[in-house]
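K.L.:
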Ligand code: ADP
C-alpha cells in the first residue's frame, strides 16, 4: 500500500522512483529487524529468571531435609521473582509510553512533587549505601504533560544515579526555567558521583536492553529499559534527554521539557485551565 502511494506520487520523476522505493524498503526492513531483535531480547530476558526459578524449585525439593539450604534457595527464588516482576512492569511501562499520546491527558505537573516522589522511591536503596540526596530550584515550576509518564522518567534517572554510584556519595537534582525560542523549558538535571559512562557507551545507553555491564545492572535489579522509557517520554512531550559524563567521576542526565503555560504546551484546553 505504502509503496503504491509512493510510486503514484513520484512516477513522473522516472529513475528517482526506484531510489525512493529502495529507501522505503530499506527503512521497512530496518524497522522489522529492530522489532525482531526486541522480541528476541524480551524472550531471552524472560527466560533467564524463569529458568533460574525452575532450577531453584528443583533444588528446594531435593534439599527438603536441610532447612538451611531450603531457606537459601527460597531467598534466591525471591530475587528471581522480583527480577521477573520488574521486567514485566518495565515492559508494560515501555509499551504504554510508546502507544499512549501523553498530551491526550496532559495537565500542569508540579516539579517539586515529581522530585519528592522520585527521591522517596529510592530512599531505601540510597540509605543502605549512605548516599545523600539533595534537590534545589524546584519551587513554583510546572511541567506540561502526562503526570505518570513524567514521574516514571524522572524516577528512572534518580534510580540509576543511586544504582551506579558508590557508597557515601551525593546525588543532586536541580531544576530551573530556561528561556528558549518557541516557549520556555524546564530543565531538570540529575547529577551523581558514580562510575560514569564512556563516550562509546553514551551513544547506546538509550537503546532498549543496552547495558554497559549486564551483571552489574542485574545485580541492582536493572532491566536495561529505563533509559529507553526516559528517552521516549521526553521526545513524546516535545522535549529531550541528554547526558554528560566523565568515567570514574560521575554523570549528569538532563531532561528538558515544556513548561506549563508556555507557548510549547499544545493542549487546546491549556489556557482555559489556568
Ligand atoms: P538499567 O536497568 O540497566 O539501569 P537503563 O536503561 O536505565 O537500564 O540504563 C542503561 C545502562 O546505562 C545501565 O545498564 C548502565 O550501564 C548505564 N547507566 C545508566 N545510568 C547511569 C548512571 N547514572 N551512571 C553510570 N551508568 C549509567
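Numbering (UniProt numbering), first residue to last: 122 to 395. Positions of the beta carbon are idealized from the N, C-alpha and C atoms, including for glycine. Every value quoted in this text rests on a predicted model; they were computed, and no experiment measured them.
(1) Quick one: grab the DSSP three-state call for residue 372.
(2) Is it the case that the region 322-332 contacts the region 288-296, given that we only count it when at least three CB pairs across the two stretches are under 8 angstroms?
(3) If you measure from the beta carbon of residue 179 to each beta carbon in chain C, is any gap under 7 angstroms?
(4) How big is the Cα-Cα spacing for residue 376 and residue 212?
(5) Assuming residue 233 and residue 260 form a contact by the criterion Cβ under 8 angstroms, report the distance between their Cβ atoms to the nearest whole angstrom.
(6) For the beta strand (DSSP E) containing residue 306, name the first residue and the last one.
(7) Kindly list the residues whose CB is nearer than 8 angstroms to the CB of residue 395, restricted to its own chain and excluding five residues on each side of it in sequence; keep chain order.
(8) Give a yes or no on contact between the region 252-269 and the region 333-352, applying the rule of three or more CB pairs nearer than 8 angstroms.
(9) Could you tell me the distance, in whole angstroms, from the CA atom of residue 151 to the CA atom of residue 143?
(10) How about residue 282 and residue 236: do their beta carbons lie closer than 7 angstroms?
(11) Anyone know if the C-beta pair for residue 223 and residue 277 falls short of 7 angstroms?
(12) Look at the alpha carbon of residue 299 and the alpha carbon of residue 262, and state the distance between them as a whole number of angstroms.
(13) Using 8 angstroms for Cβ pairs, my map puts residue 314 next to residue 371. What's the rounded Cβ distance?
(14) Tell me the DSSP bridge mates of residue 361?
(15) Extract the residue ranges of the beta strand (DSSP E) inside the region 203-255, only unbroken runs of 3 or more that lie entirely within it.
(16) Would you mind stating whether residue 284 and residue 341 have Cβ atoms separated by less than 7 angstroms?
(17) Assuming contact is defined by CB atoms lying nearer than 7 angstroms, are residue 426 and residue 353 in contact in what I supplied?
(18) Mind reading off the beta-carbon distance from residue 368 to residue 338? Whole number of angstroms is fine, and I expect it under 8 angstroms.
P.N.:
The structure says:
(1) strand
(2) no
(3) Absent here is chain C; the protein component of the structure consists of one chain.
(4) 22 angstroms
(5) 6 angstroms
(6) Per DSSP, residue 306 belongs to the beta strand (DSSP E) from 306-313.
(7) With a pLDDT of only 34 at residue 395, under 50, the local geometry of the prediction cannot be trusted, and the value read off the model is given with reservation. Cβ neighbours of residue 395 beyond the five flanking positions: 229, 381, 382.
(8) no
(9) 12 angstroms
(10) no
(11) Residue 277 sits away from residue 223, with the two beta carbons spaced by 7 angstroms or more.
(12) 11 angstroms
(13) Their Cβ separation, rounded to whole angstroms, is 4 angstroms, which keeps residue 314 and residue 371 in contact under 8 angstroms.
(14) 377
(15) 228-231
(16) Yes, Cβ-Cβ distance for residue 284 and residue 341 is below 7 angstroms.
(17) Given a span of 122 to 395 for the chain in the structure shown, any question on residue 426 remains unanswerable.
(18) That belief does not hold up - the Cβ atoms of residue 368 and residue 338 are roughly 17 angstroms apart, past 8 angstroms.
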